[in-house]
Amino acid sequence: MDIAYYPGCSLHASSSLYDVQSRRIFSEIGIYLKEIEDWNCCGATSAGKVDDLLAVAMPARNLGIVENAGFSEMVIPCSACYSRTLVAQKVLDEAPALKEDINAELSKKIRGKIKVSSILEVLLTAVASGELAEKVTQKLKGLKPVCYYGCLLTRFPQTVSVPDDVENPQGMEKILKVLGVNAIDWSYKTDCCGASAAVNDEETGLKLMASIMGDAVAREANCFVTTCPMCQMNMDAYQERFCEKYDIPQRLPVYFITELIGVAMGISPGELQIDRHFVESTRLLKELNLV
Amino acid sequence: MTASALEFKPESANSLMKEVMERSGQNLTACYQCRRCAAGCPVGEETGFVTPDRLIRMVAFGDREQALNNQLVWKCVSCYTCGTRCPNDIQTARITETIKKMSKEAHLEALNHKVAHFHKSFIDAGLGRGRINEMSFMTSYEIKNTIKEIKKLNFKNIYRELKQQSKLGLSMVKLKRMHFGFQSAKGRKELKRLYKMKDKIRG
Numbered sequence: 000m001d002i003a004y005y006p007g008c009s010l011h012a013s014s015s016l017y018d019v020q021s022r023r024i025f026s027e028i029g030i031y032l033k034e035i036e037d038w039n040c041c042g043a044t045s046a047g048k049v050d051d052l053l054a055v056a057m058p059a060r061n062l063g064i065v066e067n068a069g070f071s072e073m074v075i076p077c078s079a080c081y082s083r084t085l086v087a088q089k090v091l092d093e094a095p096a097l098k099e100d101i102n103a104e105l106s107k108k109i110r111g112k113i114k115v116s117s118i119l120e121v122l123l124t125a126v127a128s129g130e131l132a133e134k135v136t137q138k139l140k141g142l143k144p145v146c147y148y149g150c151l152l153t154r155f156p157q158t159v160s161v162p163d164d165v166e167n168p169q170g171m172e173k174i175l176k177v178l179g180v181n182a183i184d185w186s187y188k189t190d191c192c193g194a195s196a197a198v199n200d201e202e203t204g205l206k207l208m209a210s211i212m213g214d215a216v217a218r219e220a221n222c223f224v225t226t227c228p229m230c231q232m233n234m235d236a237y238q239e240r241f242c243e244k245y246d247i248p249q250r251l252p253v254y255f256i257t258e259l260i261g262v263a264m265g266i267s268p269g270e271l272q273i274d275r276h277f278v279e280s281t282r283l284l285k286e287l288n289l290v
Numbered sequence: 000m001t002a003s004a005l006e007f008k009p010e011s012a013n014s015l016m017k018e019v020m021e022r023s024g025q026n027l028t029a030c031y032q033c034r035r036c037a038a039g040c041p042v043g044e045e046t047g048f049v050t051p052d053r054l055i056r057m058v059a060f061g062d063r064e065q066a067l068n069n070q071l072v073w074k075c076v077s078c079y080t081c082g083t084r085c086p087n088d089i090q091t092a093r094i095t096e097t098i099k100k101m102s103k104e105a106h107l108e109a110l111n112h113k114v115a116h117f118h119k120s121f122i123d124a125g126l127g128r129g130r131i132n133e134m135s136f137m138t139s140y141e142i143k144n145t146i147k148e149i150k151k152l153n154f155k156n157i158y159r160e161l162k163q164q165s166k167l168g169l170s171m172v173k174l175k176r177m178h179f180g181f182q183s184a185k186g187r188k189e190l191k192r193l194y195k196m197k198d199k200i201r202g
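Sequences listed follow chains A and B, in order.
Residue numbers for the first sequence follow numbering that gives the first Met the number 0, so the first one is 0 and each next one is one higher.
Residue numbers for the second sequence follow numbering that gives the first Met the number 0, so the first one is 0 and each next one is one higher.
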């Protein structure tokens, strides 16, 4: 099955490993990600703070491209891109005059609606159909992850219908079950890592990240699993700093859900690019004899 | 910023309330001050007196100066916890986002200039090339910060910032997470045209 795919800027740059892993594991379960042509930046969380028109217009152009390419569904692995695109579609749907004015300047016009899916939604269809289970060649025994969803996958600035529980989402846990893993229950799965605060309001950012880490450690998790490239980058790249600052001796790998699925499918760590994490992340998998 | 009590300013209450409500799309009159938003706010410890419910109160009281100039507006991380938990569906994060823009239009100095620089540089980069090129975006952001610190003669901050950023940059290079290529979208022209005529767009 072909599905439209919006990688967003970070999957083409600092989180390109997530792009490689996503394409690889999806093709394994017969889902082919078709990157849409000439997509533009979604505006992320910055657009809403700088200009409200851009916050809608930037994702709108991408929605027009998908629709005109004949797709009815698009998957967006990045939580910020997913959130912005989903919300923009809702705004356009409720404001016909705005839609008409934006459409007037777009070469690929928006006429109907497409299904904007998070990576978990698409993976969960493969869980339901049993296709994921079929491709699992080894259970990930010994892995004790906490599932970290962050903010933008479940909470939105507009009321939109989302397929998972807002306060206690279960999508990642369901996927991990298929990989033979029982995720650890914890209190920080939808807490904020601070996102850009890591860069522009360091003290706040480090504090938020340290609380998330503190709970994961207290519950004896041996790794994080996430779907958001922003959360992944923050919890990984800043881990040394916030742990030092808040006296946390442990270090935990922060895996994308796609690399754990890849490992369970027997794909090599090299191909999955697991060596591109800030916190050493292959060691744990080796110790558990998973790679 | 702290305040002992909010001051009711009838002459500006109406206009401020109307502007914030229209621009944020949030029905502020529905707030009955239950403070579920304040209880869930992850930056609540950093914002002093101002919690989401109190920000709504400031707007309702017409206290433009305090509403436009407080820590919550600049500390808010847009995690949308407040709005998700609000029994009346008020998304306070949309209010802080709106007030950031209003404060800029009023030529007020941002309480955290790095936050303002970050979002401005991000959108300039995203719109300018159609896609974010992390290196040039971060360079533009750091130049803005540096100029600001030079004006304040705060050289220690400049040194600290550049030291930390280059350390992060180097480890990104080592892990091949620094992207040296250049990405762009041709269709950015359509977005730039829209942005130019934004005052004519109905919404």
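By construction, the Cβ of each residue, glycine as well, lies at the ideal position given by its N, Cα and C atoms.
Determine the extent of the beta strand (DSSP E) in which residue i is found, giving its start and end residues.
i	result
residue 133 of chain B	Segment 133-150 is the alpha helix (DSSP H) holding residue 133 of chain B; no beta strand (DSSP E) there.
residue 225 of chain A	222-225
residue 1 of chain A	1-4
residue 32 of chain A	31-34
residue 117 of chain A	114-117
Could you tell me the boundaries of the alpha helix (DSSP H) in which residue i lies?
i	result
residue 131 of chain A	130-134
residue 9 of chain A	7-10
residue 150 of chain A	Residue 150 of chain A -> no alpha helix (DSSP H), and no H or E assigned at all.
residue 14 of chain B	9-23
residue 73 of chain B	70-74
residue 127 of chain B	112-128
residue 189 of chain B	187-195
residue 160 of chain A	Looking at the DSSP string, residue 160 of chain A is not in any alpha helix (DSSP H), and its letter there is neither H nor E.
residue 95 of chain A	95-104
residue 163 of chain B	154-173
residue 93 of chain B	91-104
Are residue i and residue j touching if we call contact CB-CB under 8 Å?
i	j	result
residue 104 of chain A	residue 162 of chain A	no
residue 52 of chain A	residue 122 of chain B	no
residue 113 of chain B	residue 233 of chain A	no
residue 227 of chain A	residue 8 of chain A	no
residue 95 of chain B	residue 78 of chain B	no
residue 12 of chain B	residue 89 of chain B	no
residue 29 of chain A	residue 0 of chain A	yes
residue 144 of chain A	residue 224 of chain A	yes
residue 80 of chain A	residue 5 of chain A	yes
residue 184 of chain B	residue 127 of chain B	no
At a Cβ threshold of 8 Å, is residue i touching chain A?
i	result
residue 88 of chain B	yes
residue 76 of chain B	yes
residue 41 of chain B	yes
residue 0 of chain B	With a pLDDT of 49 at residue 0 of chain B, under the threshold of 50, the predicted position of this residue should be treated as unreliable, though the coordinate-derived value follows. Not one chain A Cβ lies under 8 Å of residue 0 of chain B.
residue 92 of chain B	yes
residue 158 of chain B	no
residue 131 of chain B	yes
residue 186 of chain B	yes
residue 19 of chain B	no
residue 83 of chain B	yes
residue 202 of chain B	yes
Under a CB-based cut-off of 8 Å, is residue i close to chain B?
i	result
residue 67 of chain A	no
residue 141 of chain A	no
residue 281 of chain A	no
residue 106 of chain A	yes
residue 158 of chain A	yes
residue 200 of chain A	yes
Consult DSSP for residue i and reduce its assignment to one of helix, strand or coil.
i	result
residue 255 of chain A	strand
residue 203 of chain B	Here chain B comprises residues numbered 0 to 202, so residue 203 of chain B is not present and cannot be evaluated.
residue 85 of chain B	coil
residue 230 of chain A	helix
residue 216 of chain A	helix
residue 42 of chain B	coil
residue 49 of chain B	coil
residue 58 of chain B	helix
residue 242 of chain A	helix
residue 146 of chain A	strand
residue 17 of chain A	helix
Of all Cβ atoms in chain E, is any one closer than 8 Å to the Cβ of residue i?
i	result
residue 267 of chain A	In the displayed structure, chain E is absent; the protein chains listed are A and B.
Can you list the beta strand (DSSP E) stretches of 3 or more residues lying completely in the region 56-88 of chain A, in chain order? Secondary structure in the region 56-88 of chain A: the beta strand (DSSP E) runs of 3 residues or longer, each lying completely within the stretch, are 72-75 in chain order.
Pick out the complete beta strand (DSSP E) segments inside the region 256-287 of chain A, 3 residues or longer, and give them in chain order. Fully contained in the region 256-287 of chain A is no beta strand (DSSP E) run of length 3 or more.
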